[in-house]
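Quick note: the sequence shown uses this note's numbering, first residue 1070, plus one each step.
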Amino acid sequence: MIDFVDAATRFPTAILTALLVAMLAYWLLAAIGLVDVEDGGLGLDMDMDVDGLDVGTVASYLVAFGLSGVPISVVVSLILLVSWTLCCLAAMWLIPLIPGAWLETAAGAGALMASIAVSLPITAVALRPLRGLFVTHGARSNASLVGESCKVLSQTVDETFGRAEVNTRGAS
């Protein structure tokens, strides 16, 4: 049987290994605060259209596969990790059983596609418990506080300076 390092650095797993290394670099940058996990740090314009593929279309596929409710960086990372694991296992156990270089290459391409396809439902199940961690709560805007009674907290109040507290149902 083929050993682990050889399986991780040969076709088809080498493609996913390179992406996994890039993902690891992304998460290291996120850990030190150079990129944001929420928006992926990519600064994408939500109205962009790339060769007929609209961002709304991609978002609808994510919702259809059950991959919504968490940041896209977490979704892509988990898809990549699961597909890398499945592809590496296939490269270690299944692909060496196939005779001939051309058939091995075809089986490797099939294993790559299959590992990505199988990783989607596995990732959807793994993301369900994480959805509660990424709930966005909306705050009241300053405009919605106009006309409410308040308690003045500062010594002086004018058009440019002052501090007041408005009691709401939750925190003031």
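Note that beta-carbon positions come from the ideal geometry of N, C-alpha and C, so glycine has one too.
Worksheet item: Tell me the DSSP bridge mates of V1215?
Response: As a position in the sequence shown, residue 1215 is number 146, starting the count at 1. BP columns for V1215 are empty, so no partner.
Worksheet item: In its own chain, which residues sit with a C-beta less than 7 Å from the C-beta of L1147, not counting the 5 before and 5 after it?
Response: Taking the sequence shown and counting its residues from 1, the one referred to as residue 1147 is at position 78. Excluding residues up to 5 positions away in sequence, T1192, A1195, L1196 lie with their Cβ nearer than 7 Å to the Cβ of L1147 in the same chain.
Item to complete: Report buried or exposed for G1231, applying the criterion of at least 16 other Cβ atoms within 10 angstroms of its Cβ.
Response: Taking the first residue of the sequence shown as 1, we reach residue 1231 at position 162. Exposed.
Discussion item. Would A1160 and T1082 be called neighbours here (beta carbons separated by less than 7 Å)?
Written reply: In the sequence shown, residue 1160 corresponds to position 91, counting from 1. In the sequence shown, residue 1082 corresponds to position 13, counting from 1. Against a cut-off of 7 Å, the Cβ pair of T1082 and A1160 comes out as a contact.
Worksheet item: Closest to S1213 by CA distance: which of L1136, F1203, T1237 is it?
Response: Residue mapping note: residue 1213 aligns to position 144 of the sequence shown, counting from 1. Nearest of L1136, F1203, T1237 to S1213, Cα basis: T1237.
Worksheet item: According to DSSP, what are the bridge partners of V1221?
Response: Your numbering for residue 1221 matches position 152 in the sequence shown. The partner list for V1221 (beta bridge, DSSP) reads A1233.
Worksheet item: Should S1218 go down as buried or exposed, given a rule of 16 or more other Cβ atoms within 10 Å for buried?
Response: Taking the sequence shown and counting its residues from 1, the one referred to as residue 1218 is at position 149. When all chains shown are included, S1218 counts as exposed.
Worksheet item: So, are the CB atoms of C1156 and L1181 less than 7 Å apart?
Response: Counting from one through the sequence shown, the residue named residue 1156 turns up at place 87. Counting from one through the sequence shown, the residue named residue 1181 turns up at place 112. Yes. Within cutoff.
Practice prompt. Could you tell me whether the Cβ atoms of V1151 and S1188 are closer together than 7 Å?
Written response: In the sequence shown, counting from the first residue as 1, residue 1151 sits at position 82. In the sequence shown, counting from the first residue as 1, residue 1188 sits at position 119. Yes.
Worksheet item: Looking at P1198 and the ligand ADP, is the gap between the Cβ and the nearest heavy atom below 6 Å?
Response: Absence of the ligand ADP is noted for the structure shown, with no ligands found whatsoever.
Practice prompt. State yes or no: is the C-beta of M1092 within less than 7 Å of the C-beta of L1149?
Written response: Taking the first residue of the sequence shown as position 1, residue 1092 is located at position 23. Taking the first residue of the sequence shown as position 1, residue 1149 is located at position 80. In terms of Cβ geometry, M1092 and L1149 form a close pair [threshold 7 Å].
Worksheet item: Which value, in whole angstroms, describes the spacing of the CA atoms of L1088 and Q1224?
Response: In the sequence shown, counting from the first residue as 1, residue 1088 sits at position 19. In the sequence shown, counting from the first residue as 1, residue 1224 sits at position 155. Taking the CA atoms as reference points, L1088 sits about 58 Å from Q1224.
Worksheet item: Looking at the unbroken alpha helix (DSSP H) that takes in P1190, where does it start and where does it end?
Response: Looking up residue 1190 in the sequence shown gives position 121. Start and end: 1170-1196.
Discussion item. Quick check on DSSP: helix, strand or coil for F1080?
Written reply: Numbered from 1 along the sequence shown, position 11 holds the residue referred to as residue 1080. Of the three classes helix, strand and coil, the one that applies to F1080 here is coil, per DSSP.
Item to complete: For V1151, name the three-state secondary structure that DSSP assigns.
Response: The count along the sequence shown starts at 1 and reaches residue 1151 at position 82. In the three-state scheme derived from DSSP, where H, G and I count as helix and E and B as strand, V1151 is classed as helix.
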